[in-house]
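Q: Residue numbers (our numbering): 34 to 271. Idealized CB from N, CA, C, for every residue including glycine. Handing you this structure, nothing more for now.
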């Protein structure tokens with residue numbers, strides 16, 4: 034068995050495990066490119082570092098953040114303000130999930146190629162939906178639509194271990210999985226980050242491509258000019 038066959042078997046095994054685990058339930062998914070201690074919100078992580086303990090009321094802090102944020106937006110719905118903050122990289126008590134396991138698989142492999150990633154399989158029930166305030170945004174932006182985003186607002190700032198399963202992604206399979214997702218499902222950096230924030234995220238790559246095109250065009254103009262000058266000189270000599 035060659036390397037490509039081994040990689041494909043590994044990819045199909047992971048996809049099969051996801052399908053098997055979620056076959057009998059309503060699941061949402063989260064891909065993480067490395068193993069973190071908890072599945073937590075950015076606001077919870079920031080507060081834990083600042084306060085120096087995990088014993089704090091994350092929702093009380095979130096409410097104060099919401100009140101302050103209202104001065105900077107015309108939006109009035111608290112959840113929509115939070116999703117807007119999340120979209121722009123602000124600290125909120127929302128955790129991004131997706132309804133598409135292939136999108137989650139992309140995020141589990143996108144980055145930290147020298148470390149294993151993981152996919153969080155979070156089973157939804159009526160009780161879980163209510164406890165974790167699981168909601169889709171009412172006015173989704175392009176990226177939210179592309180990522181099939183759904184948001185979880187954990188009351189403690191992180192998920193309790195019981196409601197979710199984890200599937201680990203070996204680091205050696207990350208690049209093959211990204212290649213597989215692009216070829217078989219049309220999922221890539223360009224489709225997942227399909228807005229200006231995505232462009233800025235990869236601006237160094239875009240800049241490099243623009244410079245390469247500029248250099249090629251400039252060189253072509255110089256070559257054409259030299260050829261034209263050479264022909265003119267030959268005509269003068271004759």
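Between residue 91 and residue 189, how many whole angstroms is the CB-CB distance? I'm expecting something under 8 angstroms.
A: Indeed, because the Cβ distance is near 6 angstroms, the residues count as touching under 8 angstroms.
Q: Using the rule of at least 16 other Cβ atoms within 10 Å of the residue's Cβ for burial, across every protein chain shown, is residue 125 buried or exposed?
A: Looking at its Cβ environment, which holds 16 or more other Cβ atoms inside 10 Å, residue 125 is buried.
Q: Examine the Cβ distances between the stretch 104-120 and the stretch 144-164 and report whether three or more of them are shorter than 8 angstroms.
A: With a cut-off of 8 angstroms, the stretch 144-164 and the stretch 104-120 do not count as touching, because too few Cβ pairs lie within range.
Q: State the Cα-Cα distance for the pair residue 96 and residue 143, rounded to the nearest angstrom.
A: Those two C-alpha atoms are separated by around 32 angstroms.
Q: Would you report the Cα separation of residue 113 and residue 122, rounded to the nearest angstrom?
A: Roughly 14 angstroms separates the two Cα atoms.
Q: Helix, strand or coil for residue 72 per DSSP?
A: DSSP places residue 72 in coil when its eight states are reduced to three.
Q: In whole angstroms, give me the CA-to-CA distance for residue 81 and residue 116.
A: Distance between the alpha carbons of residue 81 and residue 116: 21 angstroms.
Q: Taking its Cβ as the centre, do 16 or more other Cβ atoms sit within 10 Å of residue 217, making it buried, or is it exposed?
A: Under this definition residue 217 is an exposed residue.
Q: Give every residue of the same chain whose Cβ lies closer than 7 angstroms to the Cβ of residue 186, excluding the five residues on either side of it in the sequence, and list them in chain order.
A: Excluding sequence neighbours, residue 186 sits near 126, 127, 165, 166.
Q: Give me whichever residues DSSP pairs with residue 81 in a beta bridge.
A: DSSP lists no partner for residue 81.
Q: Can you look up residue 213 in the DSSP assignment and give me helix, strand or coil?
A: Note: residue 213 maps to helix in three-state DSSP.
Q: Rounded C-beta distance between residue 202 and residue 141? I'm assuming under 8 angstroms.
A: Between residue 141 and residue 202 the Cβ distance is about 5 angstroms, and since that is below 8 angstroms, they are a contact.
Q: Which same chain residues end up closer than 7 angstroms to residue 40 when comparing Cβ atoms and leaving out the 5 residues on each side of it in sequence?
A: Correct list, in chain order: 206, 209.
Q: Note down the Cα distance separating residue 100 from residue 77, rounded to an integer number of angstroms.
A: One C-alpha to the other measures close to 18 angstroms.
Q: What residue from 254, 70, 176 has the CA that sits closest to residue 33's CA?
A: Here the chain has residues from 34 to 271 only, and residue 33 is not among them.
Q: Enumerate, from N- to C-terminal direction, the unbroken beta strand (DSSP E) stretches of 3 or more residues contained entirely within the stretch 135-199.
A: The stretch 135-199 contains these whole beta strand (DSSP E) runs: 150-157, 182-185.
Q: Does residue 219 pass the burial test, meaning 16 or more other C-beta atoms within 10 Å, or should it be called exposed?
A: Residue 219 should be labelled exposed.
Q: Shortest alpha-carbon distance to residue 61 belongs to which of 35, 182, 104?
A: Checked all of 35, 182, 104; the closest Cα to residue 61 is 182.
Q: Can you tell me whether residue 59 is helix, strand or coil according to DSSP?
A: DSSP places residue 59 in strand when its eight states are reduced to three.
Q: By DSSP, does residue 64 sit in helix, in strand, or in coil?
A: Here residue 64 sits in strand by DSSP.
Q: Restricting to Cα atoms, I'd like to know which of 240, 211, 243 is closest to residue 66.
A: Out of 240, 211, 243, 211 has the C-alpha closest to the C-alpha of residue 66.
Q: What are the partner residues of residue 202, as DSSP defines its beta bridges?
A: BP columns for residue 202 point to 150.
Q: What are the residues that DSSP puts in a beta bridge with residue 106?
A: None; residue 106 has no bridge partner.
Q: Exposed or buried, what is residue 47 when buried is set at 16 or more other beta-carbons lying within 10 Å of its beta-carbon?
A: Label assigned to residue 47: buried.
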